[in-house]
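J.:
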Amino acid sequence: MIDGSTEVIAHLGYPTHAFKAPLVYNPYFESAGINAVVVPMGCRPEAFASTLKGLFQLENLRGALITMPHKVSVVELLDEATASVRVAGACNAVKRGADGRLIGDQFDGTGFVRGIERKGLRLAGARALVVGCGGVGSAIAASLAAAKVAHIALFDLNPASADELAQRLHAHFGAVEVSTGRHDPEGFDLVVNATPLGMNAGDPLPVDASRLAPGTFVGEVVMRTEMTAFLQAAQARGCRVQVGSDMLFEMIPPYLEFFGFPTTTPEHLRSLARLQY
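Next comes the structure, spelled out in structure tokens:
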């Protein structure tokens with residue numbers, strides 16, 4: 038029920054067809070009696086800065102979820118950023134402080150790491166390959182470094198993105214070995230697809246799946262389908278996997294706290310969700 042007291046969380050990204058957050062947040066708000074709603078809003082990159090500024094002029098806007106392709110560009114629009122945002126170079130949640138300043142935080146990496154650790158993967162001392170060094174890949178790499186992995190290999194079609202992320206990781210996590218430039222998955226404990234590959238039918242795989250060892254854990258961020266072609270290929274090789282929506286369920290409890298709403302558990306969120314693929 039939407040009325041004159043409803044608070045809005047804008048879900049900003051482009052395109053919107055793969056957005057899953059409204060199908061998790063809104064059933065939870067309804068179940069908990071919270072008068073709020075998450076609304077998908079398609080925004081092209083060239084309109085993003087003015088759109089964000091305009092939305093935060095609305096008195097009943099509680100905050101904004103930020104997704105591709107705006108997670109990196111939003112950082113320069115913030116008045117205040119958490120350490121997670123500064124390390125990742127990306128932001129996926131923005132709220133307005135009491136003084137009107139825009140405050141940003143980052144939960145992609147937190148959600149991804151919580152999910153794989155709850156599935157039994159020990160990260161301390163592990164070797165991880167992160168393919169895709171945009172907003173979500175940067176956040177995941179930062180959270181893996183915080184979890185004390187021994188080595189992170191970074192790959193991006195734009196080599197500068199991987200190199201810049203490597204520099205930020207070196208600055209904040211000096212004990213972690215970081216390499217760039219290769220995406221052969223052989224020899225890694227964890228392989229992460231943090232690219233958009235898998236959003237559309239016929240997309241190539243982010244790595245050569247035939248090089249995956251059965252003991253490798255494979256994680257996905259794409260949520261267009263639950264089992265992407267990459268995850269299917271990984272399972273066929275005997276790998277354990279984490280689907281993209283698992284990251285979403287794990288990150289929503291800290292998101293709720295950030296926006297000042299009553300929080301809950303990933304399990305409760307999953308029981309209420311109305312995900313569609």
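To get the numbering used here, take the position in the sequence shown, counting from 1, and add 37. C-beta atoms are modelled at their ideal positions from N, C-alpha and C, and glycine is treated no differently.
1) Just to confirm, is the Cβ distance from L158 to V186 under 8 Å?
2) Pick helix, strand or coil for N97, following the three-state DSSP scheme.
3) Contact between the region 113-120 and the region 260-274: three or more CB pairs below 8 Å?
4) Below 8 Å, how does it come out for the region 303-313 and the region 280-293: are there three or more Cβ pairs, yes or no?
5) Could you have a look at Q313 and say whether DSSP puts it in helix, strand or coil?
6) Rounded to a whole number of angstroms, what is the C-alpha to C-alpha distance between A197 and C128?
7) Using the Cβ count rule (16 or more neighbours within 10 Å means buried), how would you classify Y292?
8) DSSP three-state call for T88: helix, strand or coil?
9) Starting from the N-terminal side, write out each stretch of the beta strand (DSSP E) that is 3 residues or longer and does not extend beyond the region 207-268.
10) To which residues does DSSP link Q279 through a beta bridge?
11) Specify the secondary structure class of P200 as computed by DSSP and reduced to three states.
12) Identify the continuous beta strand (DSSP E) that holds P77 and give its terminal residues.
13) Between which two residues does the alpha helix (DSSP H) containing V112 stretch?
14) Evaluate contact between the region 205-215 and the region 140-156, counting only Cβ atoms and requiring at least three cross-stretch pairs below 8 Å.
15) If you compare alpha carbons, which of F254, P290, G70 is closest to R164?
16) Nearest by alpha-carbon distance to V278: which of G256, F267, T265 is it?
17) Per DSSP, I140 is paired with what?
18) What does a CB cutoff of less than 6 Å around V150 pick up in its chain, not counting 5 residues either side in sequence?
19) Quick one: residues in its chain with C-beta nearer than 6 Å to the C-beta of H188, no 5 flanking neighbours on either side, listed in chain order?
20) If contacts are defined as beta-carbon pairs under 8 Å, then L312 and K57 qualify, I think. What distance do you get, rounded to the angstrom?
21) Please return the same chain residues whose Cβ sits closer than 8 Å to the Cβ of T88, not counting the five positions on each side in sequence.
22) Looking only at its own chain, which residues have a Cβ that is under 6 Å from the Cβ of Y62, when we skip the five neighbours before and after it?
T.: If we stick to the structure as given:
1) Start at 1 with the first residue of the sequence shown, and residue 158 comes out as number 121. Start at 1 with the first residue of the sequence shown, and residue 186 comes out as number 149. When the beta-carbon positions are compared, L158 and V186 stay at least 8 Å from each other.
2) As a first step, residue 97 must be located in the sequence shown, where it is residue number 60. Here N97 sits in coil by DSSP.
3) No, they do not touch.
4) Counting Cβ pairs under 8 Å, three or more are found: they touch.
5) As a working note, residue 313 is residue 276 in the sequence shown. DSSP places Q313 in coil when its eight states are reduced to three.
6) Numbered from its first residue, the sequence shown carries residue 197 at position 160. Numbered from its first residue, the sequence shown carries residue 128 at position 91. Whole-angstrom Cα-Cα distance: 19 Å.
7) The residue you call residue 292 lines up with position 255 of the sequence shown. By the C-beta density criterion, Y292 is buried, having at least 16 other C-beta atoms within 10 angstroms.
8) For this step, residue 88 is matched to residue 51 along the sequence shown. Correct three-state label for T88: helix.
9) Runs found: 214-217, 227-230, 254-257.
10) One-based indexing of the sequence shown puts residue 279 at position 242. According to the DSSP secondary-structure assignment, Q279 is paired through a beta bridge with G256.
11) Walking along the sequence shown from the start, residue 200 turns up at place 163. According to the sequence displayed, residue 200 carries Asp and not Pro. It is helical.
12) Counting from 1 along the sequence shown, the entry for residue 77 is found at position 40. That run of the beta strand (DSSP E) goes 73-79.
13) In the sequence shown, residue 112 corresponds to position 75, counting from 1. It is not in any alpha helix (DSSP H) - V112 carries neither H nor E in the DSSP assignment.
14) Cβ pair count under 8 Å is below three, so no.
15) On the sequence shown, residue 164 is found 127 positions in, with the first residue counted as 1. Looking at F254, P290, G70, the one whose alpha-carbon comes closest to that of R164 is F254.
16) Within the sequence shown, residue 278 is the residue found at index 241, counting from 1. Comparing alpha carbon positions, the residue from G256, F267, T265 closest to V278 is G256.
17) The residue you call residue 140 lines up with position 103 of the sequence shown. Looking at the DSSP assignment, I140 forms a beta bridge with E117, K132.
18) For this step, residue 150 is matched to residue 113 along the sequence shown. Around V150: S180, A184.
19) Numbered from 1 along the sequence shown, position 151 holds the residue referred to as residue 188. Annotation for H188: R164, E214 place their beta carbon closer than 6 Å to its own, counting only its chain and skipping 5 residues before and after.
20) As a working note, residue 312 is residue 275 in the sequence shown. As a working note, residue 57 is residue 20 in the sequence shown. In this structure L312 is in contact with K57, their Cβ atoms being roughly 6 Å apart against a cut-off of 8 Å.
21) Taking the sequence shown and counting its residues from 1, one reaches residue 88 at position 51. Shown here for T88: same chain residues with a beta carbon closer than 8 Å to its own, the five before and five after excluded, namely L49, M78, C80 in chain order.
22) Counted from its first residue, the sequence shown places residue 62 at position 25. Cβ neighbours of Y62 beyond the five flanking positions: V75.
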